[in-house]
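Participant:
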Amino acid sequence: MKIQMKSSYKEERILEPIYSGGPVTLSTDFRYILSTLNDEVKVTDILNGNSLFSLPGDDEPVTCICSSPDGRVIVTSSRSLMLTIWDASNGKAIRSFKAHESPVLSMAVDPTSKYLATGSADTTIRVWDLEKGFCTHNFKGHGGAVTSIIFHDDRDRWELYSGSADGKIKTWDLISKESTSTLSGHVSPVTSLAISSCGHYLISSCRDQTIGTWDLRRKNLINNFPVYEAIEKVVVVSGKIFGKPSDSSIIITAGEKGLIRAWDFQTGECLVTRKLGKHVAVDLMLKGDTEEVVVVTEDHNLHFYKLPLLEESIKIIGFNDEITDLKLLNENELAISTNSELVKILNLNDFGYKMLSGHEDIVLCLTSRNGLLASGSKDKSVRIWNN
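Numbering (the working numbering), first residue to last: 1 to 387.
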């Protein structure tokens, strides 16, 4: 009996790159990753790794991505100076316009989802009506590029806060359309801003290796405590997660040393530290009410950590680059080697993965048998791993 071999196959799922560096954020409902891939923005389901759609680029690098709190729109900007508002349900462009005379470096949507604030390298801040697309406010006064911006999350408090490359933080009253204070305390670019759980304090991260805490009622510096690394992003969670009063705040940071740390807002004491490996953290996001944070590393991967102990739950591969070998371990797991010293074990159900570290140079080949995985590397070694 002649056996007829199958000659054509239909793909079941595709593991494709979703992130090649640059801006990345989460959708408002925290179900999707919005990430930069070359000049496009990919929208990817966190649970199963499926790509929903891509927002086409304009051949220039993406500088900012954000989504509205009501989940209706996504906003992107690029070095072409164009800002585009997209329908988040289908990825169709609603409108596109030139926002500033220089690239937009920071942006935020207010809690009502009616207004968009953009901070630019031209030192100005503009506020836009999201539905109609016209400028409602044009703020000037920073002495450097506007590197961070945030609305107060109280709908009744019409204030906007911005940080710039000269280390200054400004408070803007959206009703009077004036700057009400300038907060000085940093000596290098302010990389991010966050509001405390009680709403009375502002937290700032900076490349001067400090975290600033500010009283928004008195408009003064409370504390500027050292963290001994340049911080790229800071987020704030309720102290209740760490067994403290619900109106207290815990500050989460990630930065150049590849550390993710939790700090007590009141004392500046470091409560928990986790090492990300050899790679620098380039972004940090809070995953809603799930008590998780997401760290983005310079090797284009996303790491999810559960609070309060910062235990890693899943990893998502943003970009594999060149794949040198792969081996199916079982019906649920695939071993992958790329031009990296790490071996990646991919979960075929949700496209999450874990990493096997030990080699000191690129892994070139893999083989598997009887529950064991062997990897050969350019470092002239072979390592045996127990599945």
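Every residue, glycine too, gets a C-beta built ideally from N, C-alpha and C.
Could you spell out the range, first to last residue, of the beta strand (DSSP E) harbouring residue 261?
Facilitator: 259 to 264
Participant: Using a 10 Å radius around the Cβ and a threshold of 16 neighbouring Cβ atoms, would you call residue 367 buried or exposed?
Facilitator: exposed
Participant: Could you give the C-beta distance for residue 206 and residue 199, rounded to a whole number, given that I count them as a contact under 8 Å?
Facilitator: Between residue 199 and residue 206 the Cβ distance is about 22 Å, and since that is not below 8 Å, they are no contact.
Participant: Can you tell which of 301, 270 and 182 has the C-alpha that lies nearest to the C-alpha of residue 228?
Facilitator: 270
Participant: May I ask which residues mark the beginning and end of the beta strand (DSSP E) holding residue 64?
Facilitator: Residue 64 -> beta strand (DSSP E) spans 62 to 67.
Participant: Please report whether the beta-carbon of residue 245 lies at a distance below 9 Å from any beta-carbon of chain B.
Facilitator: Absence of chain B from the displayed structure is noted, only one protein chain being present.
Participant: Who are the near neighbours of residue 248 in its chain, counting only those whose CB is closer than 6 Å to its CB and skipping five residues on each side?
Facilitator: Within the same chain, residue 248 has close Cβ partners 239.
Participant: Among all the DSSP beta bridges, which residues are the ones paired with residue 159?
Facilitator: 173
Participant: Apart from the five residues on each side of it in sequence, which residues of its chain come closer than 6 Å, Cβ to Cβ, to residue 383?
Facilitator: 358 and 375
Participant: With a threshold of 16 other CB atoms inside 10 Å of the CB of residue 112, please say whether the residue is buried or exposed.
Facilitator: exposed
Participant: Assuming residue 118 and residue 144 are in contact, meaning their beta carbons sit under 8 Å apart, how far apart are those beta carbons, in whole angstroms?
Facilitator: Rounded, the Cβ-Cβ distance is 16 Å, inconsistent with contact.
Participant: To which residues does DSSP link residue 305 through a beta bridge?
Facilitator: 293 and 312
Participant: Determine whether the beta carbon atoms of residue 42 and residue 26 lie at a separation below 9 Å.
Facilitator: no
Participant: Would residue 365 be called buried (16 or more neighbouring beta carbons within 10 Å of its own) or exposed?
Facilitator: By the 10 Å Cβ count, residue 365 comes out exposed.
Participant: Identify, in the order they occur along the chain, each residue of the same chain with its Cβ nearer than 6 Å to the Cβ of residue 35, setting aside the five sequence neighbours on each side.
Facilitator: 18, 19, 24 and 42
Participant: Measuring only the C-alpha atoms, how far is residue 147 from residue 351?
Facilitator: 33 Å
Participant: Could you name the residues of the same chain whose beta carbon sits closer than 7 Å to that of residue 61, not counting the 5 residues immediately before and after it, in chain order?
Facilitator: 22, 39, 78 and 79
Participant: Apart from the five residues on each side of it in sequence, which residues of its chain come closer than 8 Å, Cβ to Cβ, to residue 209?
Facilitator: 226, 227, 228, 229, 230 and 231
Participant: Output the boundary residues of the beta strand (DSSP E) element that contains residue 212.
Facilitator: 210 to 215
Participant: Can you name, in chain order, every residue of its own chain whose Cβ lies under 7 Å from the Cβ of residue 299, other than the five neighbours on each side?
Facilitator: 279
Participant: Rounded to whole angstroms, what's the CA-CA distance from residue 129 to residue 356? Just pull it up for me.
Facilitator: 48 Å
Participant: Inspect the beta-carbon positions of residue 194 and residue 127 and report whether they are closer than 9 Å.
Facilitator: no
Participant: Would you mind giving the Cβ-Cβ distance between residue 233 and residue 183, rounded to the nearest angstrom? I have them listed as a contact below 8 Å.
Facilitator: Taking C-beta atoms under 8 Å as the contact rule, residue 233 and residue 183 fail to qualify, at a distance of about 19 Å.
Participant: Using only alpha-carbon positions, find the residue among 166, 329, 303 and 307 that is nearest to residue 318.
Facilitator: That would be 303, whose Cα lies nearest to the Cα of residue 318.
Participant: Would you report the Cα separation of residue 257 and residue 72, rounded to the nearest angstrom?
Facilitator: 36 Å
Participant: Could you tell me the boundaries of the beta strand (DSSP E) in which residue 206 lies?
Facilitator: 201 to 206
Participant: Report yes if the C-beta distance between residue 353 and residue 323 is below 9 Å; otherwise report no.
Facilitator: no
Participant: Figure out for me which residue from 163, 264 and 327 has the closest Cα to the Cα of residue 197.
Facilitator: 264
Participant: Out of curiosity, what's the CA-to-CA distance linking residue 8 and residue 328?
Facilitator: 20 Å
Participant: Would you mind sorting residue 151 into buried or exposed? The rule is 16 or more other CB atoms within 10 Å of its CB.
Facilitator: buried
Participant: Go through its chain and collect everything with a Cβ distance to residue 282's Cβ below 7 Å, but skip five positions before and after it.
Facilitator: Only 232, 296, 297 and 298 meet the Cβ criterion.
Participant: Does the separation of the CB atoms of residue 164 and residue 189 fall below 9 Å?
Facilitator: yes
Participant: Could you give the C-beta distance for residue 268 and residue 30, rounded to a whole number, given that I count them as a contact under 8 Å?
Facilitator: Not really, about 29 Å apart at Cβ, beyond 8 Å.
Participant: Going by DSSP, which residues form a beta bridge with residue 349?
Facilitator: Partner(s): none; residue 349 has no beta bridge.
Participant: Which partner residues of residue 56 appear in the DSSP bridge assignment?
Facilitator: Its beta-bridge partners do not exist; DSSP assigns none.
Participant: Around the C-beta of residue 103, are 16 or more other C-beta atoms found within 10 angstroms, so that it is buried, or is it exposed?
Facilitator: buried
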